[in-house]
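Inspection log for the structure reproduced underneath, given as structure tokens.
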Amino acid sequence: MNMETSGCLSTVLKQRIADTKVAIVGCMGVELIVEAIRRLGFVEIVSVPDCTDLPVCDVVICTCTEKEDCRAVVTHYSSVGISIICAFNFGIGACAVIIPPGKGLPHFVEDKATNDTVRTMLDYTSGYSKFWNIKNNKWIDDANKWIASPEIKSSIGEYTMTAMVAHLLVAMIAGDKVKTYPKFYLSTIANDVN
Numbered sequence: 001m002n003m004e005t006s007g008c009l010s011t012v013l014k015q016r017i018a019d020t021k022v023a024i025v026g027c028m029g030v031e032l033i034v035e036a037i038r039r040l041g042f043v044e045i046v047s048v049p050d051c052t053d054l055p056v057c058d059v060v061i062c063t064c065t066e067k068e069d070c071r072a073v074v075t076h077y078s079s080v081g082i083s084i085i086c087a088f089n090f091g092i093g094a095c096a097v098i099i100p101p102g103k104g105l106p107h108f109v110e111d112k113a114t115n116d117t118v119r120t121m122l123d124y125t126s127g128y129s130k131f132w133n134i135k136n137n138k139w140i141d142d143a144n145k146w147i148a149s150p151e152i153k154s155s156i157g158e159y160t161m162t163a164m165v166a167h168l169l170v171a172m173i174a175g176d177k178v179k180t181y182p183k184f185y186l187s188t189i190a191n192d193v194n
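Residue numbers for the sequence shown follow this note's numbering, so the first one is 1 and each next one is one higher.
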């Protein structure tokens, strides 16, 4: 990524922001994400708390924790050609998934998924890590205990999730290669593994 000496985005990337439309779904800590991406240069940011009104703007941030809400959001934005970043706060870490336009429903909102999209994604990442014998991912099992506690909303995972979303937005705008669903990004402050 080409950054200017001021530490801000380059002029070219700032121009590309105006042509970028992205939906961010499943978030907690919306205020942190809005502040982080506003500092990057995104101006038209709409936060939608109930997922009933689904606007098309630079960035729409939709908070949905129920499978049905997420399904409606993913279906809508995918059908109008907008990429979606699904972000998850795992308490002691975070996960992000990029769904390109026109793709089918991800496993965490399809019919057989439970209503708890965060736990469904946590189980998926845990199973993936075990299947591929990925080292330094033991924290995911601990996260299962963490996500049930009320402190999760203001945990380190919230800040990790915010940083991941901001980084992925810039990478997408810059044209960098990014992983898309069913691949995912998983990070904790202790072990940034993939």
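Where a beta carbon is used, it is the ideal one built from N, C-alpha and C, also for glycine.
Under the three-state DSSP convention, the category Thr5 falls into: Here residue 5 refers to the residue found at position 5 of the sequence shown. Because the pLDDT at Thr5 is just 38, under 50, the model does not fix this residue reliably, and the point stays unresolved.
Let me know the alpha helix (DSSP H) ranges lying completely inside the region 61 to 132, each 4 residues or longer, listed in chain order. Those alpha helix (DSSP H) runs which fall completely within the region 61 to 132 and span 4+ residues are 67 to 79, 117 to 131.
Give the C-beta separation of Val74 and Val60 to the nearest angstrom, bearing in mind that I take them to be a contact with Cβ-Cβ under 8 angstroms. The sequence position of residue 74 within the sequence shown is 74, counting from 1. The sequence position of residue 60 within the sequence shown is 60, counting from 1. With 8 angstroms as the limit, Val74 and Val60 do not qualify as a contact, their Cβ atoms being about 12 angstroms apart.
At a threshold of 7 angstroms, does Pro49 count as lining the ligand HEM (C-beta to nearest heavy atom)? Inclusion of the ligand HEM in the displayed structure is not the case, the ligand content being empty and no account of it being possible.
Let me confirm a value: Gly91 is counted as buried when at least 16 other C-beta atoms fall within 10 Å, else exposed. Which label applies? Within the sequence shown, residue 91 is the residue found at index 91, counting from 1. A buried status is given to Gly91, since no fewer than 16 other beta-carbon atoms sit within 10 Å of its beta-carbon.
Could you tell me which of Ile45, Glu66, Cys64, Thr63 sits nearest to Val56, measuring between CA atoms? Position 56 of the sequence shown, counting from 1, holds the residue named residue 56. Residue nearest to Val56 within the set Ile45, Glu66, Cys64, Thr63 is Ile45 (criterion: CA-CA distance).
May I ask you to report which of helix, strand or coil DSSP gives Val193? Against the sequence shown, residue 193 aligns to sequence position 193. Residue placement at Val193 cannot be trusted, given a pLDDT of 49 that sits under 50; what the coordinates show is reported in the next sentence. The answer is coil: DSSP assigns Val193 none of H, G, I, E or B.
For Pro101, I'd like the list of residues in its chain whose CB is within less than 7 angstroms of its CB, leaving aside the five on either flank, ordered along the chain. On the sequence shown, residue 101 is found 101 positions in, with the first residue counted as 1. Only Ser78, Gly81, Ile82, Ser83 meet the Cβ criterion.
Could you give the distance in angstroms between the alpha-carbon of Gly41 and the alpha-carbon of Met172? Reading the sequence shown from its first residue, position 41 is the one you call residue 41. Reading the sequence shown from its first residue, position 172 is the one you call residue 172. The C-alpha of Gly41 lies about 14 angstroms from the C-alpha of Met172.
Among the residues of its own chain, which have a CB less than 7 angstroms from the CB of Cys70, if the five just before and after it don't count? Counted from its first residue, the sequence shown places residue 70 at position 70. Sequence-distant Cβ neighbours of Cys70 in its own chain, meaning closer than 7 angstroms and more than five residues away, are Val25, Gly26, Cys64, Val109, Thr117.
What's the C-alpha gap between Ala163 and Asn115? Taking the sequence shown and counting its residues from 1, the one referred to as residue 163 is at position 163. Taking the sequence shown and counting its residues from 1, the one referred to as residue 115 is at position 115. In this model, Ala163 and Asn115 are separated by some 26 angstroms (Cα to Cα).
Lys179 in three-state terms, based on DSSP: The residue labelled residue 179 in the question sits at position 179 within the sequence shown. Residue state, collapsed to three classes: coil.
Among Lys67, Phe88, Val170, Phe131, nearest to Ser187 - alpha-carbon criterion: Numbered from its first residue, the sequence shown carries residue 187 at position 187. Ranking the options by Cα distance to Ser187, first place goes to Phe88.
Confirm, please, whether the CB-CB distance from Ala174 to Ala36 is below 8 angstroms. Walking along the sequence shown from the start, residue 36 turns up at place 36. Walking along the sequence shown from the start, residue 174 turns up at place 174. No, they are not a contact pair.
Given Met161 as reference, the closest of Asp19, Gly29, Ile140, Ile134 once Cα atoms are compared: Looking up residue 161 in the sequence shown gives position 161. Closest option to Met161, judged by alpha-carbon separation, among Asp19, Gly29, Ile140, Ile134: Gly29.
Short Cβ contact (8 angstroms threshold) for Tyr128 with His107: Stepping through the sequence shown from its first residue, residue 128 is reached at position 128. Stepping through the sequence shown from its first residue, residue 107 is reached at position 107. It is not a contact, given that the beta carbons lie outside the stated cut-off.
Beta-carbon proximity check, Ser126 vs Ile140, cutoff 8 angstroms: In the sequence shown, the residue the question calls residue 126 occupies position 126. In the sequence shown, the residue the question calls residue 140 occupies position 140. Taking 8 angstroms as the cut-off, the Cβ atoms of Ser126 and Ile140 count as close.
With 16 as the cutoff for other CB atoms within 10 Å, does Gly157 come out buried or exposed? By one-based count along the sequence shown, residue 157 stands at place 157. Per the 10 Å Cβ criterion, buried.
To the nearest angstrom, report how far apart Thr120 and Arg39 are at their CA atoms. In the sequence shown, residue 120 corresponds to position 120, counting from 1. In the sequence shown, residue 39 corresponds to position 39, counting from 1. So the two alpha carbons sit approximately 32 angstroms from each other.
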